[in-house]
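Chains as they are written, first to last, in my numbering: chain A, 260 to 421; chain B, 260 to 421.
Even for Gly, the Cβ is constructed at its ideal location relative to N, Cα and C.
These numbers were taken from a predicted model, which means no experiment stands behind them.
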């Protein structure tokens, strides 16, 4: 394996590990468990899961993979804080969206070439990218992996005993 | 910049960003604030900071950089859960240790060549590494970055108002 491939492989393994961890943590919770706050007065589990699902959906256009699959999640989970707007999704519908989005991402990630990863993402212009070459797809992958871990740490605090 | 260098640069930026975030979050807390739990019955802020400091210290031998600087932290912050043993450190001494350790790591990271990152870490044998080439230094760097983010997400829940 070349050094490049080895570095990308490490990052993809880290991504996949955390995506699977999230599915395991959130995927089998009851509607009541999903209403639990991670700490008193803080986000509920369903909000964190919806937030992560929406942020991953936004990766589709950001990485040039395609159109968003679930833009309807943003008004509930990105532009509004928890408990400020009514949620029109269930745990089951979130689980289906999470799986659909992450499967599409994974299929595309597996096809990216080494140099694809070092290319700019779609939210940076050609001119800005010349000055700031770190604004590439690989940085987005790593950044979203730590974003996922950040919220997984919070969600783990509310892990129901039964 | 070559693709390799660009990938490594992304990972180092992510590491640095989170190390600085931790120092900002923990570094100026009063002794009373450090006693706060991130959620009722969960780890205290001082425990999380000590844990992160110890885990980063362990990177020195793991990545072949050198001897540990603060092995005394393990008995309080790695092998024991919070509140099970008396802490013999203060916020100030942890801050000094955190800075010392992370500065040494950063200096070494800056000197690693591209292929250094793809080499095995010291906890994997040559034989195992042939079968499992992803057990390299770069994977450790990425894994410890998500470990840091995981606990930063928890610590942020207890961020004191004043």
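query: So is residue 304 of chain A in contact with chain B if we call contact Cβ pairs under 9 Å?; result: no
query: Ignore the nearest five residues each way along the sequence and tell me which others in residue 388 of chain B's own chain have a CB closer than 7 Å to its CB.; result: 379 and 394
query: Could you tell me whether any Cβ in chain B is nearer than 9 Å to the Cβ of residue 327 of chain A?; result: no
query: Enumerate in chain order the residues of its own chain whose CB-to-CB distance from residue 237 of chain A is below 8 Å, with the five nearest sequence positions on each side excluded.; result: Chain A is shown from 260 up to 421; residue 237 of chain A falls before or after that span and cannot be answered.
query: Please state the DSSP three-state secondary structure of residue 361 of chain A.; result: helix
query: Rounded to whole angstroms, how far is the Cβ of residue 298 of chain B from the Cβ of residue 298 of chain A, which I believe are closer than 8 Å?; result: 4 Å
query: Report the option in A:415, A:351, A:340 and A:402 whose CA atom is closest to the CA atom of residue 300 of chain A.; result: A:340
query: Quick one, are the C-beta atoms of residue 313 of chain A and residue 336 of chain A less than 9 Å apart?; result: yes
query: Give a yes or no on whether 9 Å exceeds the smallest Cβ distance from residue 267 of chain A to chain B.; result: yes
query: Which of helix, strand or coil does DSSP assign to residue 279 of chain B?; result: helix
query: For residue 281 of chain A, collect the residues of the same chain with a Cβ closer than 7 Å to its Cβ; drop the 5 residues on either side in sequence, then sort them by chain order.; result: 311, 407 and 411
query: The stretch 389–413 of chain B: which residues have C-beta closer than 7 Å to a C-beta of chain A, in chain order?; result: 392, 393, 395, 397, 398, 401, 402, 404, 405, 408, 409, 410, 411, 412 and 413
query: Could you tell me if residue 287 of chain B is buried or exposed, where buried requires 16 or more neighbouring beta carbons within 10 angstroms of its beta carbon?; result: exposed
query: Residue 334 of chain B lies in the alpha helix (DSSP H); which residues open and close that run?; result: 333–336
query: With 16 as the cutoff for other CB atoms within 10 Å, does residue 348 of chain B come out buried or exposed?; result: buried
query: How about residue 328 of chain A: is its Cβ closer than 8 Å to a heavy atom in the ligand COA?; result: Ligands are entirely absent from the displayed structure, and the ligand COA is therefore not among its contents.
query: Check distances from the C-beta atoms of the stretch 363–389 of chain A to those of chain B and list, in chain order, the residues that come in under 8 Å.; result: 373, 374, 376 and 377
query: For a minimum of 3 consecutive residues, which ranges assigned as the beta strand (DSSP E) are wholly contained in the stretch 309–397 of chain A?; result: none
query: Between the stretch 279–301 of chain A and chain B, which residues of the former have CB atoms less than 8 Å from a CB of the latter, in chain order?; result: 297, 298, 299 and 301
query: Could you tell me whether any Cβ in chain B is nearer than 9 Å to the Cβ of residue 361 of chain A?; result: no
query: Which residues in the same chain as residue 416 of chain B place their Cβ atom closer than 8 Å to its Cβ, once the five residues preceding and following it in sequence are excluded?; result: 297 and 298
query: In terms of residue numbering, what span does the alpha helix (DSSP H) encompassing residue 290 of chain A cover?; result: 290–293
query: Taking residue 368 of chain B as the reference, which of B:315, B:304, B:338 and B:285 has the closest Cα?; result: B:315
query: Run down chain B in chain order and give the residues with a C-beta less than 7 Å from the C-beta of residue 270 of chain A.; result: 401
query: What are the residues in the stretch 317–347 of chain A lying within 9 Å of chain B by C-beta distance?; result: none
query: Going by beta-carbon coordinates alone, are residue 396 of chain A and residue 371 of chain A separated by less than 9 Å?; result: yes
query: Among the candidates A:304, A:260, A:357 and A:334, whose CA atom is the shortest distance from the CA of residue 414 of chain A?; result: A:304
query: Who does residue 263 of chain B pair with in a DSSP beta bridge?; result: Residue 263 of chain B pairs with nothing; no bridge assigned.
query: Identify which residue in B:269, B:346, B:307 and B:274 has its Cα closest to the Cα of residue 405 of chain B.; result: B:274
query: Hey, does residue 353 of chain B have any beta-carbon neighbour from chain A nearer than 9 Å?; result: no
query: Please identify the residue among B:285, B:353, B:270 and B:294 whose C-alpha is closest to the C-alpha of residue 365 of chain B.; result: B:270
query: Tell me the rounded alpha-carbon separation between residue 361 of chain B and residue 278 of chain B.; result: 8 Å
query: Do residue 409 of chain A and residue 409 of chain B come within 9 Å of each other at the CB atom, strictly closer than that value?; result: yes
query: Taking 9 Å as the CB-CB cut-off, is residue 262 of chain B touching chain A?; result: yes
query: Is there at least one Cβ from chain B nearer than 9 Å to residue 435 of chain A's Cβ?; result: Not covered by the structure: residue 435 of chain A. The range shown for chain A is 260 to 421.
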